[in-house]
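Quick note: the sequence shown, position 535, residue 535 per the UniProt record's numbering, numbers continuous. These notes concern the structure reproduced below.
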Amino acid sequence: MSTKKSVKIEPKKNDIFVKGARTHNLKDISVTFPRNQLIVVTGVSGSGKSSLTIDTLFAEGQRRYAESLNAYVRQFMARMNKPDVDYIKGLCPAIAIEQKVTTRTPRSTVGSMTEIYDYLRLLYARVGKTISPVSGKVVQKQDLGDVLHAIDSIKEKSKIYILTDFKLNNNRDIIEELQILVQKGFSRILLQQLSPELIQIEELLAKGKTDLKKLFSKAKAFVLIDRVIKKEYSEEDIHRITDSISTAFYEGEGIMHLLIDESALLSFSNRFESDGIVFEEPVPNLFSFNNPFGACPTCEGFGQVLGVDKELVIPDKRLSVFEGAVAPWKGEKMVWWKDQFVKNAHKFDFPIHKPYNELSDEQRSTLWKGNKDAYGINDFFKDVQQHLYKVQYRVLQSRYRGRTDCPDCDGFRLRPEALYVKISEKHIGELCRLSVEKLKLWFDQLKLTKHESQIAKRLLIEIHQRLQTLLDVGLGYLSLDRLANTLSGGESQRIQLTRSLGSNLTNSLYILDEPSIGLHSRDTDRLIKVLHQLKALDNTVVVVEHDEMMMREADHIIDMGPLASHLGGEVIAEGNYKEIIANPNSLTGKYLTREYTIEPPKTTRKFTNKIFVNGARQNNLKNIDVMFPLNVMCVVTGVSGSGKTTLVKQILYPGLMKMKTGTSDKVGEHKSITGDIDSIQQIELVDQNPIGKSSRSNPVTYIKAYDDIRLLFAKQHLSKIRGFQAKHFSFNVDGGRCDACKGEGEQTIEMQFLADVHLICDVCKGQRFKEEVLEVHYKNKSIYDVLEMSVDEAIEFFKEEANLAKALQPLQDVGLGYIKLGQSSNTLSGGEAQRVKLASFLGKGKGHGNILFLFDEPTTGLHFHDIKKLLTSFNALIEQGHSLIIIEHNTDVIKSADWVIDLGPEAGEEGGNLVFEGVPKDLKKENKSFTGKFL
1 MSTKKSVKIE PKKNDIFVKG ARTHNLKDIS VTFPRNQLIV VTGVSGSGKS SLTIDTLFAE
61 GQRRYAESLN AYVRQFMARM NKPDVDYIKG LCPAIAIEQK VTTRTPRSTV GSMTEIYDYL
121 RLLYARVGKT ISPVSGKVVQ KQDLGDVLHA IDSIKEKSKI YILTDFKLNN NRDIIEELQI
181 LVQKGFSRIL LQQLSPELIQ IEELLAKGKT DLKKLFSKAK AFVLIDRVIK KEYSEEDIHR
241 ITDSISTAFY EGEGIMHLLI DESALLSFSN RFESDGIVFE EPVPNLFSFN NPFGACPTCE
301 GFGQVLGVDK ELVIPDKRLS VFEGAVAPWK GEKMVWWKDQ FVKNAHKFDF PIHKPYNELS
361 DEQRSTLWKG NKDAYGINDF FKDVQQHLYK VQYRVLQSRY RGRTDCPDCD GFRLRPEALY
421 VKISEKHIGE LCRLSVEKLK LWFDQLKLTK HESQIAKRLL IEIHQRLQTL LDVGLGYLSL
481 DRLANTLSGG ESQRIQLTRS LGSNLTNSLY ILDEPSIGLH SRDTDRLIKV LHQLKALDNT
541 VVVVEHDEMM MREADHIIDM GPLASHLGGE VIAEGNYKEI IANPNSLTGK YLTREYTIEP
601 PKTTRKFTNK IFVNGARQNN LKNIDVMFPL NVMCVVTGVS GSGKTTLVKQ ILYPGLMKMK
661 TGTSDKVGEH KSITGDIDSI QQIELVDQNP IGKSSRSNPV TYIKAYDDIR LLFAKQHLSK
721 IRGFQAKHFS FNVDGGRCDA CKGEGEQTIE MQFLADVHLI CDVCKGQRFK EEVLEVHYKN
781 KSIYDVLEMS VDEAIEFFKE EANLAKALQP LQDVGLGYIK LGQSSNTLSG GEAQRVKLAS
841 FLGKGKGHGN ILFLFDEPTT GLHFHDIKKL LTSFNALIEQ GHSLIIIEHN TDVIKSADWV
901 IDLGPEAGEE GGNLVFEGVP KDLKKENKSF TGKFL
């Protein structure tokens, strides 16, 4: 199939034209990206989509940007690889939004990633009101303007005295204080008894100490700063009055008074204090948990501290206090605490026989905090604290310590002064805990005064726009305080999209890598609208995508193929949706026209063993009971944010792990997990987290096939002559690996203000091994050549080595035939990493007992053709006697399931209900289910 025929190489004047792209597996292709259009690049996994978009288009955009920097920065970047392409014409500034979860720091949140939090900080600093925690009144400070305004409203010809309090400073006596006032230029004191009386300071000084004490003890004393008559003031008068007011504030340390007609006394304070507390004036940094000024001093802005872990104290929430729910209240001595609580419970009406998970919030609070009649759990740990000099108490304390919400800021991360500032009765921490959906509603209903509206106008526009975009991309269920490192790849990508839209860039090239990951078909619809908005700002939007809806909406489609790896890398078809489905060469077109389909099984498998989750109510789950059948394919579905991940990854998985191994992360709130748990030998969560922590980890080491390859090379004749063992062919230990780069193949140069630059190692030229090791060949290939092979090529290459070919086969079965054996695991997408894990289990075969596999969106990044292969792998696992529970939105997978659990009907608060459970064909009849409609 010649590439040249299928490509029209007459680009319009402005279009982006790529000539002769050869990066990775691209076969010298030329292709046009029409300017200001929504372009979808599709094709089977490994056909060269990312090579064309990210590694060629975006890399060249980056390189051109680097060229524009100054010479000092360029000296480090001169060796930035130029993509293997003849030339690219018409390229505009490029922005790539990839799938990788961008941050692992516990300080980054959805609010900070979308910049909404920065605008909120400004908003609170400008229009927030500080509320005193004592009286609940607004704390205000008055300034010169407020005093002038008060003078303005006084009736004509009134006598006005400007005064400050007479105080004894620095332990001086009355005579000393009066003498200092004379030196400062003040001449009169006003004594307020029944009526005010003005006395010359000189007169007072003539009296004796005793007389003065008597006089000042009977009357309230003020220092007279100035006196004026209310009239039409000239400019000179106003200057004099403002000077006097300023002096009064200064002398009175922030407090001054106006006495009008010797009767009414008005007081003013320019101190920011109330009820005896001095408050911080609101500034943006006061609301930043990443700044020492605003962060809670106890948890340093993390929101969590090392303290008493509630999960460890009450491990089994099904027990009542009487049955021993409080784990540390056991044993000969400690049982006293339980006994005293149980004995006195009748005095405050506490249900000692009620399971902990059925207690009301108030009752739980009593158990923890205690009251006048009984000691609570907190009192117990205070007692333990006082006995820490005894070793058994130190052991006891360590047993119940863990990460827990900071007791001082309640997990809001900010110092108390920041949380006193409120807008419409909510502080900034409470706003961040609302879901985006509720927050948008709150802002829609926010009422500000005319003056506040003027100040906040620009900020509110930015906040509204960003919140609306989050809703449009289907993330209305997230809250702003959600940690960035708990987001899925698809979620973090859509958040970056929100930030890009917020910045309103125009005439740029946006490259998105599968933004519809983790989206229900209903939400994909909204995402497409957002991409059209991006296009409407005169941007060119290139989307690497397999979603049928996205293709229907695209202006232009580029179909890569025909297959993966060395069998791909060509442009098979391009044009609009109609032209693609009419093209006989396009594999994608055949799936779109239903010429090729993924046939659902004729019958669903029957099952006898089941697991029940009862009373699940973590996050938004509404106390639901769910049945999970075993030894079949069970799919959990529902719109994004309906509670799927919560149910499977926060309740079922940690709950079963706790029963099986005794260790697990925190288990989400539920009543119980029951059923045929003993029929499972182990539980495996196969998610999209990277395989291996370092850049050295790769697919062959993960599936344990590399050991066989190293042994094979160690058996070669030249190895025996040179005394090489299997370890010499490893890049993880010294011996055969390159000493300069320690087997990494590249050296990292840390840039101060830019991303680190990775440069190919000068010594081994990126081949990772010493020259003498690379001279050992098997079938004319060195160890480096083997690691550079794709899985498909390697299976063909090692066909004589039955064990090796068999070990690699599962990678091909799960649709990863195109990845290189030695490809660094941190370059794999989330979906690829997940399928490498799946391959490692397929490779183990039978004999590992019945495993329950939990998959989190395994179709991520898969073309229709690859989903077919994946389903075959799933069926192979079930035939080996294992059980599958899959979180998935893909309709082909849902149709192929034996049992479907549909949560919803909506996201966030509106979700968390069990909409349907049963066989897929009955789901179509369920009116409330969005999934049913899309089936």
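For every residue, glycine included, the Cβ atom is placed at its ideal position computed from N, Cα and C. It should be emphasised that the depicted structure is a prediction, and the values quoted were computed from it without experimental measurement.
**Message:** Can you tell me whether glutamine 465 is helix, strand or coil according to DSSP?
**Reply:** helix
**Asked** For the candidate residues Lys159, Gly568, Val85, whose alpha-carbon lies nearest to that of isoleucine 229?
**Response** Lys159
**Buried/exposed call for glutamate 545, threshold 16 Cβ in 10 Å** = buried
**Message:** Does serine 896 come out as helix, strand or coil in the three-state DSSP assignment?
**Reply:** coil
**Asked** Relative to the C-alpha of serine 479, which residue among Gly502, Leu497, Ile455, Leu439 is closest?
**Response** Leu439
**Message:** Only counting the same chain, and skipping five residues up and downstream in sequence, which positions put a Cβ closer than 7 Å to that of arginine 433?
**Reply:** Ser479, Asp481
**Asked** Does the region 205-222 come within contact of the region 157-177, defined as at least 3 CB pairs closer than 8 Å?
**Response** yes
**Request:** For cysteine 634, write down the residues that DSSP places opposite it in a beta bridge.
**Result:** Ile885, Trp899
**Request:** Identify whether alanine 616 lies in helix, strand or coil by the three-state DSSP scheme.
**Result:** strand
**Prompt:** Can you tell me whether DSSP reads proline 920 as helix, strand or coil?
**Reply:** helix
**Reference threonine 860; option with closest CA among Asp687, Arg768, Ala839** = Asp687
**Prompt:** Per DSSP, what kind of secondary structure is asparagine 913 in: helix, strand or coil?
**Reply:** strand
**Asked** So, do the region 409-424 and the region 283-301 have three or more beta carbon pairs nearer to each other than 8 Å?
**Response** yes
**Same chain only: Cβ atoms within 6 Å of proline 905, ignoring 5 sequence neighbours per side** = Val915, Lys928
**Whole-angstrom distance between glutamine 493 and lysine 13, CA atom to CA atom** = 32 Å
**Item:** In chain order, each beta strand (DSSP E) run of at least 3 residues that lies wholly inside the region 695-765
**Value:** 746-749, 757-760
**Request:** Write down the C-beta distance between lysine 671 and arginine 318 rounded to the nearest angstrom, noting that I regard them as a contact closer than 8 Å.
**Result:** 7 Å
**Item:** Alpha-carbon to alpha-carbon, leucine 459 and proline 416
**Value:** 24 Å
**Item:** Proximal residues to leucine 935 (C-beta, below 8 Å), its chain only, five neighbours per side dropped
**Value:** Thr891, Ile894, Lys895, Pro920, Leu923, Lys924
**Message:** Just to confirm the assignment, what range does the alpha helix (DSSP H) spanning tyrosine 124 have?
**Reply:** 116-127
**Proximity of asparagine 436 and leucine 475 at Cβ, strictly below 8 Å** = Looking at the sequence shown, residue 436 is not asparagine but valine. Yes, these two residues count as a Cβ contact at 8 Å.
**Asked** Should serine 360 go down as buried or exposed, given a rule of 16 or more other Cβ atoms within 10 Å for buried?
**Response** exposed
**Message:** Please report the straight-line C-alpha distance between aspartate 708 and leucine 838, rounded to a whole angstrom.
**Reply:** 20 Å
**Asked** Cα separation between lysine 799 and alanine 805?
**Response** 6 Å
**Request:** Return the chain-ordered list of same chain residues with a C-beta closer than 6 Å to the C-beta of phenylalanine 341, the five sequence neighbours on each side being excluded.
**Result:** Ala374
**Item:** Closest by C-alpha distance to lysine 765, when choosing among Met751, Asp756, Tyr778, Lys742
**Value:** Lys742
**Asked** Cα-Cα, which of Phe607, Glu801, His882, Ser873 is closest to glycine 849?
**Response** His882
**Prompt:** Can you tell which of Tyr784, Tyr653, Arg403 has the C-alpha that lies nearest to the C-alpha of arginine 710?
**Reply:** Tyr784
**Every unbroken alpha helix (DSSP H) inside the region 368-392 [4 residues or more]** = 377-386
**Item:** Residue range of the beta strand (DSSP E) that includes leucine 163
**Value:** 159-165
**Asked** In chain order, what residues of the same chain lie with their CB nearer than 8 Å to the CB of arginine 364, ignoring the 5 residues before and after it?
**Response** Tyr356
**Prompt:** What span of residues does the alpha helix (DSSP H) with lysine 220 cover, start to end?
**Reply:** Unbroken run through lysine 220 is the beta strand (DSSP E), 220-229; no alpha helix (DSSP H).
**Request:** With DSSP collapsed to three states, give me the class of tyrosine 420.
**Result:** coil
**Residue from Ile175, Ile241, Leu259 with nearest C-alpha to isoleucine 201** = Ile175
**Request:** Please confirm whether serine 586 and methionine 550 have their CB atoms less than 8 Å apart.
**Result:** no
**Prompt:** Alpha carbon to alpha carbon, how far is aspartate 523 from serine 640?
**Reply:** 7 Å
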